[in-house]
């Protein structure tokens with residue numbers, strides 16, 4: 019056993035490992051002026067991200083440039099104020115969108131992709147199209163995953179993807195959505211995957227790939243994880259707590275085929 023003492027590292031070194039507010043220093047009984055101003059600016063950016071308008075036409079154009087046919091839908095939340103005060107309205111489709119998607123559902127599909135504004139439209143504007151561009155080739159590799167409808171949804175909460183996936187007859191739905199803005203990341207995108215989507219699914223029944231932004235998970239890393247989870251979820255017919263992300267040390271499995279009457283009948287997952 020060595021008698022050498024471990025040299026103390028100054029606390030300020032922690033700032034090189036995290037964007038969190040650590041080792042800010044002190045001026046009297048308060049933080050330095052610069053730290054206070056930085057906090058105020060980041061807080062303002064987070065609030066702006068929550069209230070920012072969703073530019074659905076821009077996203078439709080970006081996805082169209084990737085060769086995708088996209089359908090537009092919206093939740094029962096009439097406006098942003100309604101959306102923030104009534105989360106339940108963001109989880110259900112308005113009647114007109116139900117009719118549009120029902121007409122668009124030509125045949126059952128393996129995968130539906132939903133892109134919603136969520137709590138940060140800025141995140142969707144900045145990252146959604148770029149992530150989809152990297153995801154598409156991964157889904158097409160080997161035993162390709164058949165991508166069905168792509169839906170851009172306004173006033174969306176995560177669970178809105180479950181209703182959309184059920185209407186479209188998708189075995190799995192991937193919902194890309196703006197995450198709740200934080201003081202270090204007002205434009206973070208999340209991806210939520212649900213096998214056998216239908217209204218009433220719980221958070222325990224879906225997987226999440228989160229923190230997709232410039233200083234977080236890269237597009238390539240996120241796309242690989244999403245594609246792996248999609249393939250594994252389809253192969254095992256599960257998602258959520260029953261499907262662990264082992265993409266770092268496992269190759270994707272083959273999906274195989276399923277009988278027509280098995281569509282949408284994934285196993286229920288017990289939660290406490």
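In the numbering used here, the protein residues as written are 19 to 290. No residue lacks a Cβ here, since even glycine has one placed at the ideal position from N, Cα and C.
- In this structure, the CA atom of residue 183 is about 27 Å from the CA atom of residue 67.
- Non-local C-beta neighbours of residue 223 in its own chain, meaning closer than 7 Å and more than five positions away in sequence, comprise 212, 257, 258, 287, ordered along the chain.
- Taken through DSSP and simplified to helix, strand or coil, residue 83 comes out as coil.
- In the DSSP assignment, residue 212 falls within the beta strand (DSSP E) that extends over 207-213.
- Per DSSP, residue 91 is one residue of the beta strand (DSSP E) stretching across 88-92.
- Scanning the segment 122-170 for uninterrupted alpha helix (DSSP H) segments of 4 residues or longer gives 139-158, listed from N- to C-terminal end.
- Counted as a single uninterrupted DSSP element, the beta strand (DSSP E) harbouring residue 189 occupies residues 188-196.
- Residue range 224-230 is occupied by the beta strand (DSSP E) that includes residue 227, with no alpha helix (DSSP H) assigned at that position.
- The residues 48, in chain order, have a CB closer than 8 Å to that of residue 54 in the same chain once the five nearest residues on each side in sequence are set aside.
- Under the DSSP assignment, residue 54 falls in the alpha helix (DSSP H) whose first and last residues are 51-69.
- Look at residue 34 here: in three-state DSSP terms it is helix.
- Boundaries of the alpha helix (DSSP H) harbouring residue 239: 237-254, taken from the DSSP string.
- Residue 78 sits in a helix when the DSSP states are folded into three classes.
- Pairing residue 187 with residue 92 gives a Cβ-Cβ distance that is not under 9 Å.
- The segment 61-75 makes contact with the segment 127-140, as at least three CB pairs between them are under 8 Å.
- DSSP lists no beta-bridge partner residue for residue 202.
- Looking at the DSSP output, residue 111 bridges to 93.
- A contact is defined here as three or more CB-CB pairs under 8 Å, and the segment 150-170 fails this definition with respect to the segment 220-234.
- Rounded to whole angstroms, the separation of the alpha carbons of residue 206 and residue 60 is 14 Å.
- About 4 Å separates the Cβ atoms of residue 191 and residue 215, confirming a contact at the 8 Å cut-off.
- If you draw a 10 Å sphere on the C-beta of residue 89, you find 16 or more other C-beta atoms in it, and that means buried.
- The DSSP-derived three-state label of residue 120 is helix.
- In summary, residue 44 is exposed, with fewer than 16 beta-carbon neighbours lying within 10 Å of its beta-carbon over all protein chains present.
- Counting other Cβ atoms within 10 Å of its Cβ, residue 181 reaches 16 or more and is therefore classed as buried.
- One alpha carbon belongs to residue 126, the other to residue 189, and they sit about 8 Å apart.
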